[in-house]
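Working notes, structure below.
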Amino acid sequence: MDATNSNPPPVEPTPVVRWSGMTHVGRVRPNNEDVFLALTFDEREVRFLGKTGEASLADADYIFAVSDGMGGAKSGEFASRFAVDRITRLLPRRFRLAPAQMADRFTTILGELISAIHSDLLKFGFSYEECAGMGATLTLGWLTPGRLFFAHVGDSRLYQLPRDGGLVQLSQDHTHVGWLRRQGKLNEREARTHPMRNALHQSLGAGHQFVEPQLGFCDCRSGDRFVLCSDGVTDGLWDRQVEELVRTPPAERAGQPPAQRLVEEAVACSGRDNATAVVVEIGVPVESASP
């Protein structure tokens, strides 16, 4: 009887996450009310990430977020920065739940986070005249091995670009125009030119008594990408442009970080609003990908 091959199967390399982020004031507004967040945390500490980088998914979770503030004077800037600061303080307490626990509890965890930010912004708005009516959108992704959990309020966006191609908008625009588009009553071109395209139904703070965040998750694998961006990016770019700039940029932009491509192109095409993007890719280490 011939001996069977007892060689163990090859060990799969530990996935890595690559990211880039950029924000720009645009060509019209005097100040930037957008902010983005990129951080990693484990059971010991929270570490803020640079504008670009690569790191292992083995021992840490990752948070990426985009927030667009609104309000008079400097209160919009304060609102968006406050929102991401609260993420930094609250979420790391939940590091590395067991997969079954995370699947069961992520709606509670992220729902409580959104509720806390909303409540605090309302208190500021009611307590200080200069903060009256201030608020913020928030689009957040919590990356763990094999899965992205997300929370969303407003009209910033979260896109998924699966490794096999295409682009999927995971977030729902909390606007009347967004609702019309989900009902099939508007196409992308009509939505982009609709006179009420910027009228928010929901945001954090801004005098809204209640907020109902969109909470969800999706499985992710090596080669998948995600884009989080403010409405200043989608005001300047069509969905197909977002996909092309991330997947197949023109030669003159190929050496730039993906977030820079998106933001600079959006500002060039429109620039009427602040523009912010974070691009995240799941992959394998460069040395593992080499033949």
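With this note's numbering, the residue at position 149 of the sequence shown is 180, and numbering never jumps. Ideal Cβ positions, reconstructed from N, Cα and C, are used throughout, including at glycine.
| query | result |
| --- | --- |
| N-terminal and C-terminal residue of the alpha helix (DSSP H) that aspartate 116 is part of | 106-121 |
| Rounded distance between the beta-carbons of alanine 182 and proline 244, thought under 8 Å | 5 Å |
| Rounded straight-line distance, which links the Cα of phenylalanine 67 to that of glycine 107 | 14 Å |
| With 16 other Cβ atoms within 10 Å as the buried cut-off, status of proline 316 | exposed |
| Alpha-carbon to alpha-carbon, valine 311 and threonine 54 | 15 Å |
| Beta carbon of alanine 86 nearer than 7 Å to that of threonine 45 | no |
| Residues bridged to isoleucine 140 (per DSSP) | The partner list for isoleucine 140 (beta bridge, DSSP) is empty, contrary to what the question assumes. |
| From Lys105, Glu221, Tyr159, Phe180, residue whose alpha carbon lies closest to that of leucine 246 | Phe180 |
| Glycine 267 vs cysteine 300 beta-carbon contact at 7 Å | yes |
| Classification of phenylalanine 79 by the beta-carbon crowding that lies within 10 angstroms, buried from 16 upward | exposed |
| Every unbroken beta strand (DSSP E) within the stretch 154-179, with a cutoff of 3 residues, ordered by chain | 169-175 |
| Within-7 Å CB hit, glycine 314 to chain D | Note that chain D does not occur in the displayed structure, where there is just one protein chain. |
| Beta-bridge partners of serine 98, as assigned by DSSP | Val66 |
| Identity of the residue in Ser234, Asp270, Trp210, Ser150 nearest glutamine 200 by Cα | Asp270 |
| Integer Cβ distance of valine 59 from serine 261, believed to fall under 8 Å | With 8 Å as the limit, valine 59 and serine 261 do not qualify as a contact, their Cβ atoms being about 14 Å apart. |
| Where the beta strand (DSSP E) containing cysteine 260 begins and where it ends | 256-260 |
| 7 Å Cβ cutoff met for leucine 121 and isoleucine 94 | no |
| Sub-7 Å separation of threonine 206 and histidine 239 beta-carbons | no |
| Chain-order list of residues whose beta-carbon lies under 7 Å from that of histidine 149 (same chain, five-residue window excluded) | Leu235, Gly236, Val242 |
| Span separating the alpha-carbon of leucine 152 from that of glutamate 283 | 43 Å |
| Where tyrosine 190 falls, given that 16 or more other Cβ within 10 Å makes a residue buried | buried |
| Check whether glycine 57 and asparagine 305 have beta carbons under 7 Å apart | yes |
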